[in-house]
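Mind the numbering: the sequence shown is residues 2 to 465 in my numbering, read in order.
Beta carbons are placed, not taken as given, at the ideal position from N, Cα and C, and that holds for glycine.
Predicted model only: the values in this text are computed from it and were never measured.
A short write-up of the structure that comes next.
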Amino acid sequence: MIDIKHHGATSGVTGSCHELLVGESGILIDCGLFQGEEESNGAGANSLSVDFPISHICALVVTHVHIDHVGRIPYLLAAGFEGPIICSEPSAVMLPEILEDALKIGFTRDRALIERVLGLIRSRLVPVPYDQWHSVFSHSDADKGEVSLSVRLQRAGHILGSAYVECEARSGEALERIVFSGDLGAPHAPLLPEPKPPERCDRLVIESTYGDKDHENRETRRLRLKAILEHALDDGGTVLIPAFSIGRTQELLYEIEGLIHEFGEAEPLDWSRLEIVVDSPLAANFTGIYDRLKHFWDAEALERVQQGRHPLSFDQLTVIDDHKDHLNAVDYLARTHRPCVVLAGSGMCAGGRVVNYLKAMLAEPRNDVLFVGYQAAGTPGRDILRYGPRGGWVTLDNRRYDIRARVHQVGGYSAHAGQSDLVRFVTGMAGVPAEIRIVHGDANAKQTLKECFNQTVSARVLIP
2 MIDIKHHGAT SGVTGSCHEL LVGESGILID CGLFQGEEES NGAGANSLSV DFPISHICAL
62 VVTHVHIDHV GRIPYLLAAG FEGPIICSEP SAVMLPEILE DALKIGFTRD RALIERVLGL
122 IRSRLVPVPY DQWHSVFSHS DADKGEVSLS VRLQRAGHIL GSAYVECEAR SGEALERIVF
182 SGDLGAPHAP LLPEPKPPER CDRLVIESTY GDKDHENRET RRLRLKAILE HALDDGGTVL
242 IPAFSIGRTQ ELLYEIEGLI HEFGEAEPLD WSRLEIVVDS PLAANFTGIY DRLKHFWDAE
302 ALERVQQGRH PLSFDQLTVI DDHKDHLNAV DYLARTHRPC VVLAGSGMCA GGRVVNYLKA
362 MLAEPRNDVL FVGYQAAGTP GRDILRYGPR GGWVTLDNRR YDIRARVHQV GGYSAHAGQS
422 DLVRFVTGMA GVPAEIRIVH GDANAKQTLK ECFNQTVSAR VLIP
C-alpha cells in the first residue's frame, strides 16, 4: 500500500504537513505552523500540538525553512518523533536559526532549554545534496515483499535551500514515483535558478498559492518597485516593506542594489540619498547566510559578484539589531522627511518590528506600504491590503489605526510560482502524472488551478 495523507495546508497556505505511507512505514514532508485563521483537523495558530499518529513515521523531509513549513518541528519532537530530519545542505545551515527564533517567540525564553532543543535538532539533521538519491528505509516482508523508500531533492527556486521532493516508493508489486512540490519559485527571480520539472512522476502534490493568477514579469515589477522608491525620494517618505526574513528580503535587497547601481546620482532624483534599513536581526542573520552560500546563487547574481559589487551588502544599507535602536529609528523616520526603505518582519504584519512602524506611519500619505508576499486571511496584512486603498483602518494590538499611506502589492517578489509557472512545471514532465493533488492555496486559487489542469493535462485532479 502506498498512500498520501494531509495534515495541513488543505484549507489555506500555511501549516504545510503531508504524509507518505509506504506499507506500514511513513515519512512527513514538512511540519509547519498555521497562521491567521487557517487550521486543519483542529490544529491551528492557537493549537500547535501534533494531532496525528507518528509512531510509524521514520523521517521528516523539509522542503525549505519558512516557518509555515517547519514551525511545528519542536512540537513534533515533543510528541515523540525520533527520526532524522532530511533537507538540502543550505537548509541544514538555516533550520536551527529559524527555529531558534520561533522557540524564543512562541515556546520559551529559557536559553538552556532552547539550546537543548536546538542541539537535538542539529543531531537529527541529514543534509542531502541536490539531485542525489537518499535511502530512507528498505526492508523485506515475507507476506508483503520488499518495502522501500528513497527521496531526491531538486532545486525549487523559492528561497535558498528550497527543494521539491521526489519519492521512489515500493510496496510489494507497487512501485511509484511521487513528487511533493513544496513551494515553487517564479522563473527569473533574483538570486536563485528557476525550478526544472522532474523527469517523471506518477502522483504529484502541488502548491497553488497563486493558482488563480500570474505575476508581472521581472522588468514590470522592477519598474513598479522603482516608481514606489521614487515616490519616497520625491516627498521624503518611508517605504515600509513587511518582508519575510528569508527569501524576499534578500531578493529585494538585490533588486534595490541594482536600481541604485543603474541610476546612482541621476537627475532629478538623487538615489544616493535613499537609505535602506533592514530592521530585523533574523533577516540580517539570513542575509549573511545567503552571502556565505553564494555558490548556490544563479549565474546573473554571481556575475555581479565577479564585477566587484556586493548585492546584499552595499553602502546605503543599514542593519538594525538592538531593540532600542529600532524604537529610535521608528521615531526618527516618523518625524523627519528622510527618504528611506525599511524591510521589517513579520511578512503578514501579525507581529514583530513592522507593527511599530505601521502604528507610526500608516496615517501619513507621504509613506508607502509595499506587500511582496502572500497575506493570509485573518492577518493584519490582509486587512491593510484590502482596506488601505479605500482609506480604511486596521486593528494592531487591539487598537484601530487609520490607513492613509499608499498601499501596493507587487506579486512578482512573492517567491511563489504563478499559475502559468505551475502549469509549465506539470506539462514539462516527460510523462504527465496520473494524479495531481492541489494543496497550499485559498479555495478560489485551488479551484481555478484545478480547472486549468483539467483543460491542459489528462490527469485525475483532486483537492483534498
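- Here H57 has L22, E25, S26, G27 as same chain residues with Cβ atoms under 8 Å from its own Cβ, once five neighbours each way along the sequence are excluded.
- One alpha carbon belongs to E147, the other to Q155, and they sit about 26 Å apart.
- Per the C-alpha coordinates, the member of D398, E231, H159 positioned closest to E252 is H159.
- Shown here for F138: same chain residues with a beta carbon closer than 7 Å to its own, the five before and five after excluded, namely S26, C59, S149, L150 in chain order.
- At a Cβ-Cβ threshold of 9 Å, P312 and V306 count as neighbours.
- Beta-bridge partners of L463 (DSSP): R438.
- With a threshold of 16 other beta carbon atoms within 10 Å, S92 meets it and is buried.
- Distances from the alpha-carbon of F426 to those of C202, W298, R219, W134 put C202 closest.
- Spatial neighbours of S314 in its own chain (CB-CB distance under 8 Å, excluding positions within 5 residues in sequence) are listed in chain order as T288, D292.
- DSSP places I99 in the helix class (H, G or I) of the three-state scheme.
- For F138, there is no enclosing alpha helix (DSSP H); the residue is found in the beta strand (DSSP E) stretching over 135 to 142.
- R153 is a Cβ neighbour of D132, given a cutoff of 9 Å.
- Between V331 and N368, the gap from beta carbon to beta carbon reaches 9 Å or more.
- Its Cα nearest to that of A377, the residue F35 stands out among V343, M2, I3, F35.
- 9 Å or more divides the Cβ of S182 from the Cβ of L161.
- Under the 10 Å beta carbon count, K214 is surrounded by fewer than 16 other beta carbons and is classified as exposed.
- Taking the Cα positions, V411 is about 50 Å away from H140.
- Rounded to whole angstroms, S89 and A444 show a C-alpha spacing of 31 Å.
- Take A364, set aside five residues on each side of it, and the residues of its chain with a beta-carbon closer than 6 Å to its own are D403, R405, in chain order.
- In the DSSP secondary-structure assignment, P128 is bridged to C88.
- Restricting attention to S281, G419, P434, the CA atom closest to the CA of G212 is found in G419.
- Comparing alpha carbon positions, the residue from L334, G352, P198, D326 closest to G186 is P198.
- Positions of the beta strand (DSSP E) runs, each at least 3 residues long and wholly inside the region 287 to 361, are given as 318 to 321, 341 to 345 in order along the chain.
- Under the three-state reduction of DSSP, K447 is assigned to helix.
- Of the residues M349, L294, V278, the one whose Cα lies closest to the Cα of D326 is V278.
- Exclusion of the five residues before and after G389 leaves I404, V408 as the residues of its chain whose Cβ lies within less than 6 Å of its Cβ.
- Of all alpha-carbon atoms in L260, Y165, E98, L96, the one lying nearest the alpha-carbon of L275 is that of L260.
- Judged by DSSP in its simplified three-state form, T250 adopts helix.
- In the displayed model, L185 falls within coil according to three-state DSSP, outside both helix and strand.
- In the pairwise beta carbon analysis, the region 231 to 238 is classified as not touching the region 167 to 177: fewer than three pairs are separated by under 8 Å.
- Taking C-beta separations shorter than 8 Å and ignoring five residues to either side along the sequence, the partners of L119 in its chain run P97, L100, E101, L104, following chain order.
- Shown here, H232 sits in a helix according to DSSP, grouped into three states.
- Contact between G374 and F454 does not hold, since the beta-carbon distance rounds to 25 Å and is not under 8 Å.
- Fully enclosed alpha helix (DSSP H) runs of no fewer than 4 residues occupy 68 to 71, 74 to 79 of the region 49 to 89, in order along the chain.
- Under DSSP, the beta-bridge partners assigned to S172 are V148, A175.
- One thing to note: E208 has its Cβ no nearer than 9 Å to the Cβ of A345.
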